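Trainee: With mature numbering (1 follows the signal peptide of the UniProt record, and there is no 0) as the guide, the letters of the sequence shown map in order to residues -27 to -1, 1 to 644. Beta carbons are placed, not taken as given, at the ideal position from N, Cα and C, and that holds for glycine. Bear in mind the structure is a predicted one, so any value in this text is a computation, not a measurement.
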Amino acid sequence: MSKKLSLTLAASVLALGSLTTGAPAIAAGDSNPQAQENPGKGKGQSFKEYIQEWKNSGKKGKLKEVELQILGTSDLHTNFVNYDYYRDAKSNSLSLAKTGVLIEDAREENDNTLLFDNGDLIQGTPFGGYKVNVDPLEKDELHPAFAALESLDFDASTLGNHEFNFGLEYLDNALEEAPFPVLNANVYDVETGENRFTPYTIMDKEVTDRKGKKHTIQVGVIGVVAPGIMEWDRAHLEGEVIAKDAVETVEKFIPEVEKAGADVVVVLSHSGMGDEVHTVGEENVTYQLTEVDGVDAIITGHNHDVFPGSYSELANVDQENGTINGTPVVMPGKFGSHLGVIDLTLEPRGKKWRITNGEAELRAIDSKTDEVAEQVIEAVKETHEGTVEYIRSPVGETTAPINSYFSLVQDDPSVQIVNNAQLWYAEQQLAGTANADLPLLSAAAPFKAGGRNGGDYYTNIETGEIAIKNVADLYVYDNTVFVLKLTGADLKEWLEMSAGQFKQIDPNAAGEQTFINDNYRTYNFDVIDGVTYDIDITEPAKYDGEGAVVNEGAERIENLQYEGAAIDPNQEFLVVTNNYRASGNFPGVRNATESIDFAYENRQAIQDYIVEVGTIDPSADGNWQFAPVAGDPNLVFETSNSAQSLAEKEPAIQYIEATQNGFAKYGYTIQ
């Protein structure tokens, strides 16, 4: 019988017994009537306050139960200092230094505390790139990311997908000096078939029960990552490692961890929440992990979302207690925005310990004050100061502002500049090669377009000097340049996939219609320059967000032309893109007959281009638009509330009202 089922049945039997004996009912997870004499620990009440309350109550009985508190962070993405490197300004809405205040407070509440990080740690801001390209990590040097975690006494962490962005050699060097276990169980060495990294660890955690007596509880920790790393970083990983299904991996290691003595098993799941159906090898599987017998608590992430909070639509989700299928789970946002707190109650059973209750909550950082955990600031001071100095280096000038506020509804300057730079770079690299005479196109997407990252997450560069920080704002990922050879037919399917950014509209419907698909990732909305085309959003999307066909006969892409003529489906084209797209499963892209890896960062190519040009004109060429529609549909979308004044200059866009989280509602008229 599973642990969760036995607890549920035991609670039901005890509750039924209370009806016949007149004894007080026992809540699910409580193990004996004696425990009911003790007051329950409320949320926000410290362990020490709880014990004192019990002592003051005059109750008799033994207090052998232990309150084990598990704290978690995820998706820090090198946000260690309360500083926004893209705006070059202090920001109290992010950073481990802010989360550290919550960590210290939680430890004051309960001495029986473990602290874990869930990955995506060494990449994400210019801070991470600085330690790769400007001040490279030396042999035997402690990576500042691990120094930051060490300053708060983290107990373990796991690898996120972005840990692989800089290659295995760099990752190995970073892990060499890590002061605590860094785990991963589902990445295997191709040659040996063995785990490439440490799959799990067993920690002997000394704890104090409610009477003040010391005990040792063994906590097993398993780490897994989304298997999609094999696509996203194929250039680094292919032939070196393989990534197996995360759920099957946890199921494999649970018996081994329990045999090694674990009383409690925690999974660090760098995989998003997912849904109720498991497909082997899929990216997001945390929901399925909550159903695995033997998993007692989960710290998850990858989605940059929050739980408790989101995902109420899934079955067996208890938002109040922070459990899914009875398992406590935390998904603590992004960039240090939240601290995940899991409280487990355990009681002794012979030489082992049994979990009698588990609940989880999130605690948001204080974004109103400058209070930080100073030891984090000190731990990364040298790299932070070097990064700030580096990002302020000028590279050129712009004759007009550059922003991405309207990048999902019209051809946009922030995307145009990236495409211009990629074309400039690729033309030089292809000169004199066998492919030099083929038509050359470029694909880029709006990386900073709000969404789950909030109403401030947009590119916004003022007229005048462009510095390195602005280049990083235009291109936030550490991707490298690839060129793909494919046909006109493939090109159309690529664009059909990108058009999934939009919901289908009814041109004759009354009332507002939101036409941006918020569930579609904006970095998949590729704009391909060098061709012109219309997008008909009265048609359904042909593909879903994963590239699977959902409407076989749908055609949103119309009037697809190259140099003023309809594209020949059999004509060959070259398209400049990045390693993420080239290694993925995008329709059209997956049919490429040739893939050329230039092993050069897209961001650096943009920087080189701006240096070469000197002064750029950030105007979009309008190579795509929405196809005209009959009727007069009332179309609305959300973007930053900061774009209100800019909307007045756009004939197709009308500001309506502010909404929440820094967003506002705008109207859109298809011209």
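Is the CB-CB distance between Val197 and Ala158 below 8 angstroms?
Mentor: yes
Trainee: In the structure shown, what three-state DSSP assignment does Phe420 receive?
Mentor: Here DSSP, grouped into helix, strand and coil, assigns Phe420 to coil.
Trainee: Between which two residues does the beta strand (DSSP E) holding Asn607 run?
Mentor: Asn607 to Ser613
Trainee: Look up Asn168 in the DSSP assignment and say whether it is helix, strand or coil.
Mentor: strand
Trainee: Do three or more CB pairs link the region 615 to 631 to the region 401 to 411 at distances below 8 angstroms?
Mentor: Contact between the region 615 to 631 and the region 401 to 411 is not established, with fewer than three Cβ pairs separated by less than 8 angstroms.
Trainee: Helix, strand or coil, according to DSSP, for His357 in the structure here?
Mentor: helix
Trainee: Between which two residues does the alpha helix (DSSP H) harbouring Phe546 extend?
Mentor: Premise fails: Phe546 lies in the beta strand (DSSP E), Glu545 to Asn551, not in any alpha helix (DSSP H).
Trainee: Mind checking whether Ala169 and Val214 have CB atoms under 8 angstroms apart?
Mentor: Before going on, a small fix: residue 169 reads as Arg here, not Ala. Yes, the Cβ-Cβ distance between Arg169 and Val214 is below 8 angstroms.
Trainee: Report the partner residues of Ile569 according to the DSSP bridge assignment.
Mentor: Val456
Trainee: Could you check the C-alpha separation between Asn392 and Asp581 for me, to the nearest Å?
Mentor: Per the coordinates, the alpha-carbon of Asn392 lies some 13 angstroms from the alpha-carbon of Asp581.
Trainee: Can you tell which of Asn55, Glu466 and Gln627 has the C-alpha that lies nearest to the C-alpha of Val562?
Mentor: Glu466
Trainee: Using a Cβ-based criterion (distance less than 7 angstroms to any ligand heavy atom), does Gly461 qualify as near the ligand PLP?
Mentor: The ligand PLP is absent from the structure shown, which contains no ligands of any kind.
Trainee: Can you tell me whether DSSP reads Gln42 as helix, strand or coil?
Mentor: In the structure shown, Gln42 falls within a strand segment according to DSSP collapsed to helix, strand and coil.
Trainee: Considering only C-alpha positions, which residue in the set Ile328, Phe559, Thr259 and Ile338 is nearest to Val303?
Mentor: Of Ile328, Phe559, Thr259 and Ile338, the residue nearest in Cα terms is Thr259.
Trainee: Where does residue 645 sit, in a helix, a strand or coil, going by DSSP?
Mentor: Because the chain in this structure spans residues -27 to 644, residue 645 falls outside the shown range and cannot be described.
Trainee: Between which residues of its own chain and Val548 is the CB-CB distance below 6 angstroms, once the five residues before and five after are set aside?
Mentor: Leu414, Ala416 and Leu457
Trainee: Within this structure, are the beta carbons of Pro386 and Ser592 separated by less than 8 angstroms?
Mentor: A contact, by the Cβ cut-off of 8 angstroms.
Trainee: Confirm, please, whether the CB-CB distance from Gly282 to Asp93 is below 8 angstroms.
Mentor: no
Trainee: How is Arg365 classed by DSSP in three states: helix, strand or coil?
Mentor: For Arg365, the secondary structure class from DSSP, reduced to helix, strand or coil, is coil.
Trainee: Spatial neighbours of Glu351 within its chain, please: CB distance less than 8 angstroms, with the 5 preceding and 5 following residues excluded, ordered by chain position.
Mentor: Ser124
Trainee: Below 8 angstroms between beta carbons: does that hold for Gly45 and Pro301?
Mentor: no
Trainee: Where are the beta strand (DSSP E) runs, 3 residues long or more, that stay fully inside the region 88 to 144, in chain order?
Mentor: Those beta strand (DSSP E) runs which fall completely within the region 88 to 144 and span 3+ residues are 129 to 131.
Trainee: Among the residues of its own chain, which have a CB less than 6 angstroms from the CB of Ala233, if the five just before and after it don't count?
Mentor: Leaving aside the five residues that flank Ala233 on each side, the residues in its chain whose CB is nearer than 6 angstroms to its CB run, in chain order, Ile175.
Trainee: To which residues of the same chain is Ser64 closer than 8 angstroms at the C-beta, ignoring the five residues directly before and after it?
Mentor: Asn55, Tyr56 and Asp57
Trainee: Could you tell me whether the Cβ atoms of Leu41 and Leu335 are closer together than 8 angstroms?
Mentor: no
Trainee: Suppose contacts are defined by Cβ-Cβ distances below 8 angstroms. Is Val444 in contact with Val368 by that definition?
Mentor: Going by C-beta atoms, Val444 is nearer than 8 angstroms to Val368.
Trainee: Under three-state DSSP, which class holds Tyr506?
Mentor: Secondary structure at Tyr506: strand, using DSSP grouped into helix, strand and coil.
Trainee: Are there 16 or more other CB atoms within 10 angstroms of the CB of Arg183, so buried, or fewer, so exposed?
Mentor: buried
Trainee: Compare the C-beta of Val258 against all C-beta atoms of chain D and say whether one is closer than 8 angstroms.
Mentor: No chain D appears in this structure, which consists of one protein chain only.
Trainee: Mapping the DSSP letters down to three states, classify Asp446 as helix, strand or coil.
Mentor: helix
Trainee: For Tyr431 and Ala208, I'd like the C-alpha separation in whole angstroms.
Mentor: Near 29 angstroms, if we compare the C-alpha coordinates of Ala208 and Tyr431.
Trainee: Rounded to the nearest angstrom, what separates Phe546 and Leu396 at their Cα positions?
Mentor: The alpha-carbon of Phe546 is positioned some 13 angstroms away from that of Leu396.
Trainee: Grab me the residues of Gly97's own chain with a C-beta within less than 6 angstroms of its C-beta, minus the 5 sequence neighbours each way, in chain order.
Mentor: If we look at Gly97 and ignore the five residues flanking it on each side, its Cβ neighbours are His50 and Thr51.
Trainee: Cα separation between Pro6 and Arg322?
Mentor: Its pLDDT being 27, under 50, Pro6 is placed unreliably by the model, and nothing is read from it.
Trainee: Can you have a look at Arg365 and say buried or exposed, based on whether 16 or more other CB atoms are within 10 angstroms of its CB?
Mentor: exposed
Trainee: Tell me the rounded alpha-carbon separation between Lys112 and Val353.
Mentor: When rounded, the distance between both Cα atoms is 18 angstroms.
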